[in-house]
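*Asks:* First the structure, then my questions, so here it is.
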Amino acid sequence: MTTTEHPTPTAAGSGSSASAAFRAAGRTTQDVPPERVDEVARAVLHGVHQAIREHDVTYPEFQAAKQWLMDVGEGGEWPLFLDVFVEHVVEEVAARTQDGTKGSIQGPYYLPGQEKLPWQATLPMRTDEKGTPLVFAGQVRDVEGNPVAAAELDIWHADDDGYYSGFAPDIPDGNLRGVVVSDGQGRFEITTVQPAPYQIPTDGPTGKLVAAAGWHAWRPAHLHLMVRAPGYRTITTQLYFQGGEWLDSDVAEATKPELVLDPRPQEDARLRATYDFVLERY
Numbered sequence: 031m032t033t034t035e036h037p038t039p040t041a042a043g044s045g046s047s048a049s050a051a052f053r054a055a056g057r058t059t060q061d062v063p064p065e066r067v068d069e070v071a072r073a074v075l076h077g078v079h080q081a082i083r084e085h086d087v088t089y090p091e092f093q094a095a096k097q098w099l100m101d102v103g104e105g106g107e108w109p110l111f112l113d114v115f116v117e118h119v120v121e122e123v124a125a126r127t128q129d130g131t132k133g134s135i136q137g138p139y140y141l142p143g144q145e146k147l148p149w150q151a152t153l154p155m156r157t158d159e160k161g162t163p164l165v166f167a168g169q170v171r172d173v174e175g176n177p178v179a180a181a182e183l184d185i186w187h188a189d190d191d192g193y194y195s196g197f198a199p200d201i202p203d204g205n206l207r208g209v210v211v212s213d214g215q216g217r218f219e220i221t222t223v224q225p226a227p228y229q230i231p232t233d234g235p236t237g238k239l240v241a242a243a244g245w246h247a248w249r250p251a252h253l254h255l256m257v258r259a260p261g262y263r264t265i266t267t268q269l270y271f272q273g274g275e276w277l278d279s280d281v282a283e284a285t286k287p288e289l290v291l292d293p294r295p296q297e298d299a300r301l302r303a304t305y306d307f308v309l310e311r312y
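Structure below.
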């Protein structure tokens, strides 16, 4: 990771922030009938039992796993662990019945309630924000090709050091975050900086698992977006960068070829990337 002067966020700090943001977001839940709980819970337990039998798990290994699970909970890292290692499969299942732009994982770094901005906007950033200037532009349409006016593009991403506002101690609140509202033709043009790849926090129990298994902890550079409009299904997705490091070995397994941008340099030295979003009606 790029050397930086500001303090490195800890796994515990990031986990605490992610947990608080998750609870504050008022997540939609549903009453699950006992039959469904029984079905899924039994399947999960069967998978665990099968892994123990197939790999001859010993009592010391079982106790180590138990301690690790306790550490994840006590360290507040369940949002991190589940979003990195599990969410991509939930998203894959949801996508089976969805049309429009491909989705991807939301991840643990979303913060609701960001500043609303016009269709041509610069994301809030520090006066000395590092990074290559990036213009991200496109149009929001429905599946028939009609423009979707006043669609909201809730966008957030890491900075040039790979850190997110709200999760690193010295980055201003709302930095590189905003809700851009498309114009009457569904168009948007967002000026920001190109984000950097980053490691998921590795100083807690999630990092210990990654190290013990010999995995890497890197995510490729990406933009996060939620694209929404009344009467349409909200798209939660991530957009990556052609040729980016870790694109083919994302620790979160969230990349898709349909979600890769190809930024081109402009005469003013800024990069420009374009992408059109397609929303599906309810």
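235 is the number that the numbering used here gives to position 205 of the sequence shown; each next residue is one higher, with no gaps.
All residues carry an ideal CB built from backbone N, CA and C; glycine is no exception.
Using the Cα positions of F271 and D203, report the straight-line distance between them to the nearest angstrom.
*Replies:* Whole-angstrom Cα-Cα distance: 25 angstroms.
*Asks:* May I have the straight-line CA-CA distance separating D292 from A303, to the nearest angstrom?
*Replies:* Approximately 6 angstroms between the Cα atoms of the pair.
*Asks:* Using 10 angstroms around the beta-carbon of V170, count the other beta-carbons present and answer buried if the total reaches 16, otherwise exposed.
*Replies:* So V170 ends up on the buried side.
*Asks:* Opposite E182 in the DSSP bridges: which residues?
*Replies:* According to DSSP, which records beta bridges pairwise, E182 is partnered with V211 and R258.
*Asks:* In terms of residues, what are the limits of the alpha helix (DSSP H) holding F218?
*Replies:* First-last for F218: R217 to V223, but that is the beta strand (DSSP E), not the alpha helix (DSSP H).
*Asks:* Report back the beta-carbon spacing between L183 and L255 to the nearest angstrom; my notes put them in contact at under 8 angstroms.
*Replies:* Confirmed, about 6 angstroms.
*Asks:* Classify W108 as helix, strand or coil using the three-state DSSP reduction.
*Replies:* In this structure, W108 counts as helix in the three-state DSSP scheme.
*Asks:* My guess is that D128 and E310 are in contact by the Cβ rule of under 8 angstroms, so how many angstroms apart are they, rounded?
*Replies:* Here residue 128 turns out to be Gln, not Asp, going by the sequence shown. Correct: roughly 6 angstroms between the Cβ atoms.
*Asks:* Taking Q80 as part of the alpha helix (DSSP H), name the residues at either end of that continuous run.
*Replies:* Its alpha helix (DSSP H) spans residues P64 to E84.
*Asks:* Which residue marks the beginning of the alpha helix (DSSP H) containing P235, and which one marks its end?
*Replies:* Per DSSP, P235 belongs to the alpha helix (DSSP H) from P235 to A243.
*Asks:* Cα separation between V257 and A181?
*Replies:* The straight-line gap from Cα to Cα measures roughly 7 angstroms.
*Asks:* For the alpha helix (DSSP H) that A303 lies in, which residues bound it at each end?
*Replies:* Where A303 is concerned, there is no enclosing alpha helix (DSSP H), although the beta strand (DSSP E) it sits in stretches over L301 to T304.
*Asks:* For P109, which residues from the same chain have a beta carbon less than 6 angstroms from its beta carbon, with the 5 sequence-adjacent residues on both sides left out?
*Replies:* Closer than 6 angstroms at the Cβ level, and outside the excluded window around P109, lie A48, S49, F52 and P138.
*Asks:* For P260 and P227, which I take to be in contact (beta-carbon distance under 8 angstroms), what is that distance rounded to the nearest angstrom?
*Replies:* Contact doesn't hold; Cβ gap of about 35 angstroms is too wide.
*Asks:* Going by other Cβ atoms of all chains shown within 10 Å of its Cβ, with 16 needed for buried, is T32 buried or exposed?
*Replies:* Caution applies to T32, whose pLDDT of 41 falls short of 50 and renders its modelled position unreliable; the model cannot decide the point.
*Asks:* Quick check on this structure: which residue in L289, D280 and A243 has the alpha carbon closest to the alpha carbon of I265?
*Replies:* Per the Cα distances, L289.
*Asks:* Please classify S279 as buried or exposed, where buried requires at least 16 neighbouring CB atoms within 10 angstroms.
*Replies:* By the 10 Å Cβ count, S279 comes out exposed.
*Asks:* Return the CA-CA distance between A242 and D213, expressed in angstroms with no decimal places.
*Replies:* Distance between the alpha carbons of A242 and D213: 50 angstroms.
*Asks:* Let me confirm a value: V67 is counted as buried when at least 16 other C-beta atoms fall within 10 Å, else exposed. Which label applies?
*Replies:* It is exposed - the Cβ of V67 has fewer than 16 other Cβ atoms within 10 Å.
*Asks:* Looking at the unbroken alpha helix (DSSP H) that takes in A124, where does it start and where does it end?
*Replies:* Per DSSP, A124 belongs to the alpha helix (DSSP H) from E117 to A125.
*Asks:* Taking the straight line between their C-alpha atoms, what separation do you get for P235 and V281?
*Replies:* So the alpha carbons of these two residues sit roughly 16 angstroms apart.
*Asks:* Kindly identify the DSSP beta-bridge partner or partners of Q229.
*Replies:* For Q229, which the question treats as bridged, DSSP gives the partners W248.
*Asks:* Relative to the C-alpha of A151, which residue among W186, G143, E219 and G105 is closest?
*Replies:* Residue E219 is the option with its Cα nearest to A151.
*Asks:* List the endpoints of the continuous beta strand (DSSP E) containing D158.
*Replies:* Segment: none, D158 is in no beta strand (DSSP E) and carries neither H nor E.
*Asks:* In this structure, how does DSSP classify M31 when only helix, strand and coil are distinguished?
*Replies:* Low local confidence applies: a pLDDT of 40 at M31 is under 50, so the model's placement there is unreliable, with the coordinate-based value given in what follows. DSSP places M31 in coil when its eight states are reduced to three.
*Asks:* Bridge partners for K146 per DSSP, in chain order?
*Replies:* V209, per the DSSP bridge assignment.
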